[in-house]
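**Q** Sharing a structure here in structure tokens format.
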Amino acid sequence: MKSAFDRALDAAAEDSEHLLGTLLADAAGEGEIARPGRLLEAMRYAALGGGKRLRPFLVIESAALFAVPRARALMAAAALECVHCYSLAHDDLPAMDNDDLRRGRPTLHRAYDDATAILAGDALLTFAFDILSQDATHPDPAVRIALVRELARGSGLGGMAGGQMLDLAAEGRFGATSATEESVVTMQAMKTGALLHFACIAGGLLGNATPVQGEALSRYGRAIGTAFQIADDLLDVEGDAATVGKATGKDAAVGKATLVSLFGIAAARDRLARCVAEAEAALAPFGERAAILSETARFIATREK
């Protein structure tokens, strides 16, 4: 029998998949002339049919702490997942990570072509802010603006895109460089952690959290962001591609800087355990209501894909 956590994770994935499918339906939106069929098809390929939907799950569960209607949380979750899926489509491109496999199937540029993958990613990114701006996300325009602002910051120069640039620089793409613990932690907090951080604070924004509650969710989000990246780096070293759903062993092949490459597997696992402890401690203001979020931190640390 599945645990309460597993049932909640499955329900979030199912609900997010359904809403994304509806939002990406083959119909012209208000004020739009048309939606090119190939582009829409590629967007759906990138966004639907796979993945744990961890980020939507975090939005839903953080929002549940404040009794936010699930439909509103799902809108914010769908917007975040559009940004995440855009980033995967672009990261997989030959000019970036040059991957052929994602979620156990051909990457978007392999299934279509490079140009279509670029445009589908662009369209998913901009569609995310269309979703957040809709009344269905929240009736208060100030809340919608706050969500747009935080997702933009988490996605852009000081967040995911900036982190990706630092990651490429650490590979030596732009000249010789030397990685330090500080530089790796900063890069990973931006590249991977920023969107996970948004997933956690989004619930507080939707639920008008107090400053104390908002700070607690922020600390939790930063801790699990670090934990997620360390677990991902460990999977690249120890995981099996068939289980993980993407190529493994690539970090070492391109000289990618990670905490695993800097300090070894044992030290990385110790750091991972400390991140989980920090995440659980951050949830103290919510008591037992945050039990599923606490279990999420442990799930992130022990996942196999």
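In the numbering used here, each residue's number is its place in the sequence shown (first place is 1) plus 1. From the three backbone atoms N, C-alpha and C, an ideal C-beta is built for every residue, glycine too.
For Phe175, which residues from the same chain have a beta carbon less than 8 Å from its beta carbon, with the 5 sequence-adjacent residues on both sides left out?
**A** Taking C-beta separations shorter than 8 Å and ignoring five residues to either side along the sequence, the partners of Phe175 in its chain run Leu169, following chain order.
**Q** Going by C-alpha distance, which of Ala195, Thr178, Ala79, Ala43 is nearest Ala162?
**A** Ala195
**Q** Going straight from the alpha carbon of Gly160 to that of Lys3, what length do you get?
**A** 35 Å
**Q** In the DSSP assignment, find the unbroken alpha helix (DSSP H) run with Pro142 in it and report its ends.
**A** 142–156
**Q** Per DSSP, Pro1 is paired with what?
**A** The chain is shown from 2 up to 306; residue 1 falls before or after that span and cannot be answered.
**Q** CB Leu24 to CB Ala79, shorter than 9 Å?
**A** Yes, they are a contact pair.
**Q** What are the boundary residues of the alpha helix (DSSP H) that Gly205 is part of?
**A** 195–207
**Q** Between Ile301 and the rest of its own chain, which residues show a CB-CB distance below 8 Å, the 5 nearest in sequence each way excluded?
**A** Only Leu55, Ile225, Ala228, Phe229, Ala232, Val277 meet the Cβ criterion.
**Q** Is Met44 helix, strand or coil by DSSP?
**A** helix
**Q** Please determine, among Glu151, Leu235, Leu218, Ala129, the residue with the shortest C-alpha to C-alpha distance to Leu263.
**A** Leu235
**Q** Would Leu294 and Ser63 be called neighbours here (beta carbons separated by less than 9 Å)?
**A** yes
**Q** Would you mind reading off the limits of the alpha helix (DSSP H) that contains Ser219?
**A** 212–239
**Q** Give me the Cα-Cα distance between Thr117 and His85, rounded to the nearest whole angstrom.
**A** 17 Å
**Q** Keeping to the same chain, check which residues put their C-beta closer than 7 Å to that of Phe128; ignore five residues upstream and five downstream.
**A** Result list for Phe128: Cys83, in chain order.
**Q** Taking only three categories from DSSP, how would you classify Pro57?
**A** helix
**Q** With distance defined between alpha-carbon atoms, name the residue in Ser184, Leu66, Arg103 nearest to Ala203.
**A** Leu66
**Q** Closest to Ala9 by CA distance: which of Ala47, Asp237, Pro57, Leu40 is it?
**A** Pro57
**Q** Helix, strand or coil for Lys93 per DSSP?
**A** A small correction: the amino acid at residue 93 is Asp; Lys does not occupy that position in the sequence shown. Here Asp93 sits in coil by DSSP.
**Q** To the nearest angstrom, how far is the alpha carbon of Ala282 from that of Pro37?
**A** 48 Å
**Q** Do Leu206 and Ala147 count as a contact pair if the criterion is CB distance below 9 Å?
**A** yes
**Q** Assuming Ser179 is part of the alpha helix (DSSP H), what are its boundary residues?
**A** No residue range can be given for Ser179, since it is assigned to no alpha helix (DSSP H) and is classified by DSSP as neither H nor E.
**Q** Provide the residue span of the alpha helix (DSSP H) that contains Gln165, from first to last.
**A** 161–171
**Q** Suppose you measure from the CA of Leu197 to the CA of Asp7; what does that come to, to the nearest Å?
**A** 19 Å
**Q** Look at the Cβ atom of Ala90, then the Cβ atom of Ile119, and state whether they are nearer than 9 Å.
**A** Yes, they are a contact pair.
**Q** Quick check on Lys192: does DSSP put it in helix, strand or coil?
**A** For Lys192, the three-state secondary structure derived from DSSP is helix.
**Q** Are the CB atoms of Leu284 and Ala274 within a distance shorter than 9 Å?
**A** In this structure, Leu284 does not lie closer than 9 Å to Ala274 by Cβ.
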